[in-house]
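Step one of this worksheet: look at the structure below.
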Amino acid sequence: MNENYLSLNLATTRQQWGFAEAVDGCLRHGVTAIAPWRDQIAKIGLSEAAAIVRDNKLRVTGVCRGGMFPADTPAGRQAAIDDNLHAIDEAAALNADCLVLVVGGLPGSSKDIAGARAMVHDGIAAMLPHANASGVKLAIEPLHPMYAADRACVNTIDQALDICEDLGETVGVAIDVYHVWWDPNLAAAIARAGRMNRIFAHHICDWLVPTRDMLLDRGMMGDGVIDLKGIRAMIEAAGYNGPQEVEIFSSENWWKKDGDEVVRTCLERFSTVC
251 MNENYLSLNL ATTRQQWGFA EAVDGCLRHG VTAIAPWRDQ IAKIGLSEAA AIVRDNKLRV
311 TGVCRGGMFP ADTPAGRQAA IDDNLHAIDE AAALNADCLV LVVGGLPGSS KDIAGARAMV
371 HDGIAAMLPH ANASGVKLAI EPLHPMYAAD RACVNTIDQA LDICEDLGET VGVAIDVYHV
431 WWDPNLAAAI ARAGRMNRIF AHHICDWLVP TRDMLLDRGM MGDGVIDLKG IRAMIEAAGY
491 NGPQEVEIFS SENWWKKDGD EVVRTCLERF STVC
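Position in the sequence shown (from 1) plus 250 gives the number in this note's numbering.
In structure tokens:
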């Protein structure tokens, strides 16, 4: 059965609504799938967040985020692993489809990106037994190369899948169109992910031209240059028919609008341009 429908990543309304307000707003518009961030969960409390999810029969398409593994000391790397173990517990409590991993960039003054990627591999390997015991899938989210130094040294689906191949079937990918649309190997990489059954999440927004801020100026679907329907077709052909998760960071536009207007627009664009 094709169950493709919209999920709201709560980053999209983070300046308007907290966790409970965002759930109420989603339900007003018939949206029954969400993806919260850990700070939003912490603010309301994990037990309360879990109760809201359970009582409203919500699907949690992901918890954002784990990761940030590289550090320039063994103690720093262990602290990152410990934090990721807590993130697994949070994802398990919300019965999330996956814990999204933004893996981290170069530690300290390092210029060794291969070494940073090795730390990512080893960090995921260290958290994997607890994730498997908790029933939580781990979704590596490759980020655009502009973030390679500070946020994510894994920048393509293929790089993520190489890690997945080594670590097993419960480690997959979150495909965010904002980060991968430019990749000349995108079609082949998505097909590879499908053959491996490793597509755990599909995030959507748009790339604006011009983009005023590389982190905080994502576009609403249809306002930019990403071939959303084309990428969706690739992902569905690869076997993923789950929710498309709208994740928009927009400090000067959508974060300044009424939350209900944002959700209404997401639904309208989802039905017309995605």
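Glycine included, every Cβ here is placed at the ideal spot set by N, Cα and C.
C-alpha distance - G280 paired with G365, whole-angstrom precision: Here the question's residue 280 lines up with position 30 in the sequence shown. Here the question's residue 365 lines up with position 115 in the sequence shown. Rounded to whole angstroms, the separation of the alpha carbons of G365 and G280 is 46 Å.
Cβ-based burial, G385 [other Cβ within 10 Å; buried from 16]: Here residue 385 refers to the residue found at position 135 of the sequence shown. When all chains shown are included, G385 counts as exposed.
Length of the line joining the Cα atoms of P357 and T323: Within the sequence shown, numbered from 1, the residue matching residue 357 stands at position 107. Within the sequence shown, numbered from 1, the residue matching residue 323 stands at position 73. Roughly 9 Å between the two C-alpha positions.
Residue burial classification, K387 (beta-carbon count within 10 angstroms, cutoff 16): On the sequence shown, position 137 is the one that residue 387 refers to. By the 16-neighbour rule on beta-carbons within 10 angstroms, K387 is buried.
Cβ separation of P286 and A299, assumed to be a contact under 8 Å, to the nearest whole Å: One-based indexing of the sequence shown puts residue 286 at position 36. One-based indexing of the sequence shown puts residue 299 at position 49. Between A299 and P286 the Cβ distance is about 7 Å, and since that is below 8 Å, they are a contact.
Sub-8 Å separation of T282 and R264 beta-carbons: Stepping through the sequence shown from its first residue, residue 282 is reached at position 32. Stepping through the sequence shown from its first residue, residue 264 is reached at position 14. Remark: C-beta atoms of T282 and R264 do not approach each other more closely than 8 Å.
Between the CA atoms of H453 and V353 - distance to the nearest angstrom: Position 103 of the sequence shown, counted from the start, is the residue given in the question as residue 353. Position 203 of the sequence shown, counted from the start, is the residue given in the question as residue 453. Rounded to whole angstroms, V353 to H453 spans 17 Å at the Cα level.
Residue range of the unbroken beta strand (DSSP E) whose run includes S257: To locate residue 257, count along the sequence shown from 1; it is residue 7. That run of the beta strand (DSSP E) goes L256 to N259.
Local conformation of S500 per DSSP, three classes: Taking the sequence shown and counting its residues from 1, one reaches residue 500 at position 250. DSSP, reduced to helix, strand and coil, places S500 within a strand of the structure shown.
Assigned exposure category for N447 - 16 Cβ within 10 Å defines buried: As a working note, residue 447 is residue 197 in the sequence shown. A residue is called buried when at least 16 other Cβ atoms come within 10 angstroms of its Cβ; N447 does not meet this threshold and is exposed.
Same chain, Cβ closer than 6 Å to Q266, neighbours up to 5 away in sequence not counted: Reading the sequence shown from its first residue, position 16 is the one you call residue 266. Around Q266, the same chain offers G509 as residues with beta carbons nearer than 6 Å, after the five sequence neighbours per side are excluded.
Outcome for Q290 when other beta-carbon atoms lying within 10 angstroms are tallied against a minimum of 16: Walking along the sequence shown from the start, residue 290 turns up at place 40. The residue is buried, with at least 16 neighbouring Cβ atoms inside 10 Å.
First and last residue of the uninterrupted alpha helix (DSSP H) at H336: Locating residue 336 in the sequence shown gives position 86, where the first residue counts as 1. Segment P324 to A343, the alpha helix (DSSP H) holding H336.
Check whether D467 and E502 have beta carbons under 8 Å apart: Numbered from its first residue, the sequence shown carries residue 467 at position 217. Numbered from its first residue, the sequence shown carries residue 502 at position 252. Judged by beta-carbon spacing, E502 lies within the 8 Å limit of D467, meaning their Cβ atoms are closer than that value.
Residue burial classification, A483 (beta-carbon count within 10 angstroms, cutoff 16): The residue given as residue 483 occupies position 233 in the sequence shown. By the 16-neighbour rule on beta-carbons within 10 angstroms, A483 is exposed.
Contact under 8 Å by Cβ, G312 with E495: Within the sequence shown, numbered from 1, the residue matching residue 312 stands at position 62. Within the sequence shown, numbered from 1, the residue matching residue 495 stands at position 245. Closer than 8 Å, so yes.
Burial state of T406 (16 or more Cβ within 10 Å): Indexing the sequence shown from 1 puts residue 406 at position 156. By the neighbour-count definition (other C-beta atoms within 10 Å, threshold 16), T406 is a buried residue.
Alpha carbon of I481 to alpha carbon of A325, nearest angstrom: Numbered from its first residue, the sequence shown carries residue 481 at position 231. Numbered from its first residue, the sequence shown carries residue 325 at position 75. When rounded, the distance between both Cα atoms is 40 Å.
Start-to-end residues for the alpha helix (DSSP H) that takes in L277: As a working note, residue 277 is residue 27 in the sequence shown. L277 -> alpha helix (DSSP H) spans F269 to R278.
Cα-Cα separation between L417 and A375, rounded to whole angstroms: Here residue 417 refers to the residue found at position 167 of the sequence shown. Here residue 375 refers to the residue found at position 125 of the sequence shown. Going from the Cα of L417 to the Cα of A375 covers about 7 Å.
Local conformation of R442 per DSSP, three classes: Position 192 of the sequence shown, counting from 1, holds the residue named residue 442. The three-state secondary structure of R442, taken from DSSP, is helix.
For G509, three-class secondary structure by DSSP: Looking up residue 509 in the sequence shown gives position 259. The three-state secondary structure of G509, taken from DSSP, is helix.
Burial state of S500, where buried means 16 or more other Cβ atoms lie within 10 Å: The residue you call residue 500 lines up with position 250 of the sequence shown. Flag for S500 reads buried.
Spatially closest choice to K506 from A261, A389 and V430, by CA coordinates: What you label residue 506 is simply residue 256 of the sequence shown in a count that begins at 1. Between K506 and the set A261, A389 and V430, the nearest pair of CA atoms involves A261.
Separation of T522 from D463, as counted between CA atoms: Numbered from its first residue, the sequence shown carries residue 463 at position 213. Numbered from its first residue, the sequence shown carries residue 522 at position 272. Note on geometry: alpha-carbon atoms of D463 and T522 lie some 26 Å from one another.
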